[in-house]
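Keeping their order, the protein sequence lines are chains F and E. According to UniProt numbering, the stretch in the first sequence is residues 1 to 299, in order. According to UniProt numbering, the stretch in the second sequence is residues 1 to 299, in order. Where a beta carbon is used, it is the ideal one built from N, C-alpha and C, also for glycine.
There are 2 protein chains.
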Amino acid sequence: MDVDTRLLRSFVAVAEEGSLTRAAERLFVSQPALTRQVRQLETLLGVALFTRSRTGMALTEPGRALARRVPPLLADWDGTLREARGAASRAERVLRVGFLASAANESTPGIIAEFTRRRPGWRVEMRQAAWSDPTAGLAEGDVDAALLRLPFPGQGALRVAELLEEPRWVALPSGHPLAAREELSFQELWDEPFVAAPPDTGPWRDYWLAADERGGRPVRIGAVTDRPDDWLSAIANGYGVALAPESAARFYARPGVAYRPVSGVSPSRVAVAWAPADDGNAVVRDFVDCCREAVTGPR
Amino acid sequence: MDVDTRLLRSFVAVAEEGSLTRAAERLFVSQPALTRQVRQLETLLGVALFTRSRTGMALTEPGRALARRVPPLLADWDGTLREARGAASRAERVLRVGFLASAANESTPGIIAEFTRRRPGWRVEMRQAAWSDPTAGLAEGDVDAALLRLPFPGQGALRVAELLEEPRWVALPSGHPLAAREELSFQELWDEPFVAAPPDTGPWRDYWLAADERGGRPVRIGAVTDRPDDWLSAIANGYGVALAPESAARFYARPGVAYRPVSGVSPSRVAVAWAPADDGNAVVRDFVDCCREAVTGPR
DNA sequence: CCCTTTCCATAACCTGGCGGCATGGATGTG
DNA sequence: CACATCCATGCCGCCAGGTTATGGAAAGGG
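What follows is the structure in structure tokens.
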């Protein structure tokens, strides 16, 4: 008996939401499509999985049995997928490196060059991650190493080598009154609206709002973005200000956006991270070494 | 990332066969269809799974990684499916009973009637199994109990209650010289061609050929069938003879086929079986009790 | 040396399935 | 009584997958 895992994911979503309508918008499909997916799964199994009512979709007994076993199954499949992809990149001698836009900087080309020198035949594949993923794909097993910023959620489950520390500046609309100043104190920004990362990034979002360095005062959110472009636009359009690493002033310079040093807020730290499973992986270790030397050696 | 399990089964088949052509005929699809399925899976994963050559399809390293993990995954899914179906039948108060055509007999209606009396609200669903499955779906978890014949392969993994013993007779073309006799000895049949069950039924096939009661002499196979209809036709058409339980003479009477008692061959035994997991299942126990009483009580 | 066989890939065609939109029916709610 | 909320259904357009027919490459046999 064959199924598409999409049907199973849909089933799980409906089971969790208890509603076709809500599950449909969570899955970005129309509600009729979900209706048919659920029905199809039921026909396929020959089992009624839900009892329909005006109040929503309630699991039947066999539905509960299925809902208990399907999520681990899907997790297993996802793991299998990652493993196969990992094997493929190893076989092709490709090192997959994820990076946050803000964590790669001037030294990146040098790192790659040095790594390529040490590992001839190997190729580095750089993958820029969305801000909604502070581990740049490392936590999901999509990459072998990641250039990212500390701290990030789930940091304990990964190996981390800190590379450098960088003061946090503020990016603000160039027309903003505070932009006239050469330097600001963080306290002056407490009541400004901020452009923030999406809520599901948790500690990452809080870190760039410096939520715990505001003496307990609430944060005003002016806009939510998860890509550099949107982030710059939101600031330029005056929706709010945002903390950013000093290097952003060089990499994300843009008319309408001004960067100023901020005192009274802890600096940001750039690090390279890898999975504990790769502790014995000489290629990953080489890459990490290259990162370390790029910030210590040449200086 | 979503996949249809059909793609995974196809992948496993190709990996095992090492050839698209052979895998295609095993899966009952055309070879171009399989070509596209494999290609689709590779595109989906973004990974080359096979290296093609005139000599066939050889797994790549990531292909081997996948081939290692997918079969357990599919087995897990099949198990989940069985579990859900089992839960459904329990919730609907349906007892699923598999039976071999030759193992159900005159007492079956009485068994069902008695069970229904003891378990009002419950319904018995009788499912006839193909001869290729000597456990009548019990080993696969498709049924809760099974009426079958002993011995069968994998018998040790199931609970069995023997119900009755029945002599084995022989079914032969009515025009066959030996059909003129009232009774035969098995030894007289040693050189006759036999109509046999498919090879993949293993011990089951051997049992009905009485392969180990021939004093080491080889068996001549006249035809292979896995359904009663084909079996009767094969005998009537003179392709061979076959051993059968005495009751077959009543249930499978047919012009052109004669049944005669055979001496010198051990009798067949009918039993009811269930899964060890259902040892504590009162409903299954009731059904087994009904079976036992049907053959002991009334007599 | 050529012919045949055995692989896999490709092209052309056709059907069925799936998704989206619009709408309907049932049922609580202000 | 109108409205909001949910799920089901009808219709339409499109893509995906299957089949048949065919091609090309390579190995084995006469």
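If you measure from the beta carbon of residue i to each beta carbon in chain E, is any gap under 7 Å?
i                      : result
Met57 of chain F       : no
Met126 of chain F      : no
Leu42 of chain F       : At residue 42 of chain F the sequence reads Glu, which differs from the Leu that was named. No, no contact with chain E.
Leu81 of chain F       : yes
Val262 of chain F      : no
Glu61 of chain F       : yes
Ala87 of chain F       : yes
residue 300 of chain F : Only positions 1 to 299 of chain F appear in this structure, which leaves residue 300 of chain F out of reach.
Ala196 of chain F      : no
Arg6 of chain F        : yes
Val3 of chain F        : yes
Leu27 of chain F       : no
Asp144 of chain F      : no
Leu95 of chain F       : no
Ser19 of chain F       : no
Ala84 of chain F       : yes
Can you tell me where the beta strand (DSSP E) with residue i in it begins and where it stops?
i                 : result
Thr51 of chain E  : Phe50 to Ser53
Gly56 of chain E  : Gly56 to Leu59
Glu162 of chain F : Arg159 to Glu166
Indicate the three-state DSSP secondary structure (helix, strand or coil) for residue i in the structure shown.
i                 : result
Tyr239 of chain E : coil
Phe186 of chain E : helix
Arg127 of chain E : strand
Phe28 of chain F  : coil
Gly121 of chain F : coil
Arg227 of chain F : coil
Asp4 of chain F   : strand
Leu138 of chain E : coil
Pro198 of chain E : coil
Val78 of chain E  : Reading off the sequence, residue 78 of chain E comes out as Asp, not Val. It is helical.
Gly18 of chain E  : coil
Glu83 of chain F  : helix
Ala104 of chain E : coil
Ser10 of chain F  : helix
Arg299 of chain E : Caution is warranted here: a pLDDT of 44 is assigned to Arg299 of chain E, below 50, making its placement in the model unreliable, and no coordinate value can be reported.
Ser233 of chain F : helix
Ser174 of chain F : coil
Glu92 of chain E  : coil
Val70 of chain E  : helix
Gly46 of chain E  : coil
Arg181 of chain E : coil
Let me see if you follow: with CB-CB separation under 7 Å, is residue i close to chain F or not?
i                 : result
Pro71 of chain E  : no
Ala277 of chain E : no
Ala91 of chain E  : yes
Ala139 of chain E : no
Leu163 of chain E : no
Leu66 of chain E  : yes
Ala157 of chain E : no
Asp133 of chain E : no
Asp191 of chain E : no
Ala23 of chain E  : no
Asp76 of chain E  : yes
State the start and end residues of the unbroken alpha helix (DSSP H) segment that holds residue i.
i                      : result
Gly110 of chain E      : Thr108 to Arg118
residue 304 of chain F : Because chain F is modelled from 1 through 299, residue 304 of chain F falls outside the range shown and cannot be assessed.
Ala294 of chain E      : Ala282 to Thr296
Pro203 of chain E      : Pro203 to Leu209
Per DSSP, residue i forms a beta bridge with which residues?
i                 : result
Arg254 of chain E : E:Val257
Pro193 of chain F : F:Arg220
Trp169 of chain F : F:Ala244 and F:Pro261
Leu150 of chain F : F:Arg269
Ala145 of chain E : E:Val97 and E:Trp274
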